[in-house]
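Student: Each residue of the sequence shown is one higher than the last, beginning at 1465 in my numbering.
The C-beta atom is built at its ideal place from N, Cα and C for all residues, glycine as well.
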Amino acid sequence: MNRTNWVRASLVVFAASIGPCAAALAQVEADPPPAVTTEAAPDELDVGATDADPWRFEFTAWAWLLGVDGDVGARGTVVETSASFVDVLEASDSVFALSGRLEGGYGPFGAFVDGLYADIEIEDQTGPVGLSSVDVEFQQEILDFGLMYRVIDQPTPRGGAAQGRNWTVDLFGGGRYVGIDLELRPALAEARSRDRDWLDPIVGVKTVVPLGERWRFILSGDVGGFGAESDFTSSATAVIGYDFRLFGADASALAGYRAITWDYSDGTGTDEFTWDVVQHGILLGLELRW
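1. Report the rounded CA-to-CA distance for Gly1579 versus Pro1518, giving the unit in angstroms.
2. Less than 7 Å between the C-beta atoms of Ala1547 and Ser1597, yes or no?
3. What are the complete beta strand (DSSP E) segments, minimum 3 residues, inside the segment 1535-1607?
4. With a 10 Å radius around its C-beta and 16 neighbouring C-beta atoms as the bar for buried, classify Gly1668 as buried or exposed.
5. Closest to Leu1413 by C-alpha separation, out of Asp1634, Trp1662, Ala1561, Val1703, would be which residue?
6. Going by DSSP, name the residue or residues bridged to Ser1694.
7. Count the C-beta pairs between the segment 1601-1615 and the segment 1636-1650 that are closer than 8 Å, then say yes if the count reaches three, no if not.
8. Terminal residues of the continuous beta strand (DSSP E) containing Thr1632?
9. So the beta strand (DSSP E) Trp1726 belongs to, where does it begin and stop?
10. Alpha carbon to alpha carbon, how far is Phe1681 from Asp1707? Give it in angstroms, no decimals.
11. At the level of alpha carbons, what is the spacing between Asp1634 and Arg1658?
12. Rounded to a whole number of angstroms, what is the C-alpha to C-alpha distance between Leu1663 and Leu1646?
13. Going by the DSSP bridge assignment, what does Gly1610 pair with across the sheet?
14. Which residues bound the beta strand (DSSP E) around Asp1517?
15. Quick check: Asp1727 and Asp1686, are their CB atoms within less than 7 Å of each other?
16. Can you have a look at Phe1521 and say buried or exposed, based on whether 16 or more other CB atoms are within 10 angstroms of its CB?
17. Mark Glu1751 as exposed unless 16 or more other C-beta atoms lie within 10 angstroms of its C-beta, in which case mark it buried.
18. Could you give the DSSP three-state label for Thr1734: helix, strand or coil?
19. Pick helix, strand or coil for Arg1658, following the three-state DSSP scheme.
20. Indicate the three-state DSSP secondary structure (helix, strand or coil) for Glu1751 in the structure shown.
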């Protein structure tokens, strides 16, 4: 809900509350009302004050069961990778990427930070010109951050009456920091390693759609890079959530799919680094809201 609509709604609630209160005060002078009547108005005002609270926060912990497809390169050696989560599971000590997202807002304005760490090994990938196999190992940090603006905040017939069950759409802009320590181990040559970190601008949209009293659908996507560091980067996330109460807080169990792409290269010869990949896989998460 935008700021203008929020103000109008607040005035309506205020006016609706003042009417009963004025009538009650007039009645007090003529004939004091029963105790139960005088207690009803404060209860209604408390409910209105709670519903009008403009602050919102949420934290989500994710496990990302990812696979990798694309070209990675270090010191003149470029390797074509194609590994599902099962392939990564068989080769890696770390079987998934860990991620956490913190989001907060006041009225239509918001901000977020989303961090991820992965330690992945992929065996027997196709080496240069297909002449030998190469093992690929990398440690990766990703940090997305940005500002948000809520352009839609509307109740839906399927949303129910519970707080936070509106259909929402947020536009956002920010950055994506990436740090990668890459090692290639060809079967017939010495290992090659390079590390790089870079920062790309991103813009995107996120929507949350209630599917009933307990279920919600969350879809988020962004694009970026634009030649600033990467030629291009993008991400897309789609999840289904089941809402419940956990230790007195609103919570959701989440399951879905996520993909992130990069088209990045830097340097030449022995200083070359290439990261032209799609990382994708199943997401499992737990979200807390307050």
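Tutor: Taking the definition as stated:
1. Here residue 1579 corresponds to residue number 115 of the sequence shown, with the count starting at 1. Here residue 1518 corresponds to residue number 54 of the sequence shown, with the count starting at 1. Rounded to the nearest angstrom, the two C-alpha atoms are 26 Å apart.
2. To locate residue 1547, count along the sequence shown from 1; it is residue 83. To locate residue 1597, count along the sequence shown from 1; it is residue 133. Ser1597 sits away from Ala1547, with the two beta carbons spaced by 7 Å or more.
3. You should have 1541-1547, 1561-1570, 1573-1590.
4. By one-based count along the sequence shown, residue 1668 stands at place 204. It is buried - the Cβ of Gly1668 has at least 16 other Cβ atoms within 10 Å.
5. A question about residue 1413 goes unanswered here, because the residues of the chain that appear run from 1465 up to 1754.
6. By 1-based counting over the sequence shown, the position of residue 1694 is 230. Looking at the DSSP output, Ser1694 shares a beta bridge with no other residue.
7. A contact exists between the segment 1601-1615 and the segment 1636-1650.
8. By 1-based counting over the sequence shown, the position of residue 1632 is 168. Taken as a continuous stretch (DSSP letters only), the beta strand (DSSP E) holding Thr1632 covers 1631-1650.
9. Stepping through the sequence shown from its first residue, residue 1726 is reached at position 262. Counting along the chain, the beta strand (DSSP E) containing Trp1726 begins and ends at 1713-1730.
10. Numbered from its first residue, the sequence shown carries residue 1707 at position 243. Numbered from its first residue, the sequence shown carries residue 1681 at position 217. Computed Cα separation, rounded: 11 Å.
11. On the sequence shown, position 170 is the one that residue 1634 refers to. On the sequence shown, position 194 is the one that residue 1658 refers to. So the alpha carbons of these two residues sit roughly 37 Å apart.
12. Within the sequence shown, residue 1663 is the residue found at index 199, counting from 1. Within the sequence shown, residue 1646 is the residue found at index 182, counting from 1. Going by the C-alpha atoms only, they are around 17 Å apart.
13. If you number the sequence shown from 1, residue 1610 lands on position 146. Note: Gly1610 sits in a beta bridge opposite Phe1576, Gly1638.
14. On the sequence shown, position 53 is the one that residue 1517 refers to. For Asp1517, no beta strand (DSSP E) encloses it, and the DSSP letter there is neither H nor E.
15. Along the sequence shown, one-based indexing puts residue 1727 at 263. Along the sequence shown, one-based indexing puts residue 1686 at 222. Contact flag unset, no.
16. Residue numbering aside, residue 1521 sits at position 57 when the sequence shown is read from its first letter. It is exposed - the Cβ of Phe1521 has fewer than 16 other Cβ atoms within 10 Å.
17. In the sequence shown, the residue the question calls residue 1751 occupies position 287. With 16 or more Cβ atoms within 10 Å of its Cβ, Glu1751 is classed as buried.
18. Sequence index remark: in the sequence shown, residue 1734 carries index 270 (1-based). In this structure, DSSP gives Thr1734 a helical state, which the three-state scheme calls helix.
19. For the purposes of this step, residue 1658 is taken as the residue at position 194 of the sequence shown. DSSP places Arg1658 in the strand class (E or B) of the three-state scheme.
20. Locating residue 1751 in the sequence shown gives position 287, where the first residue counts as 1. When secondary structure is reduced to three states using DSSP, Glu1751 falls in the strand class.
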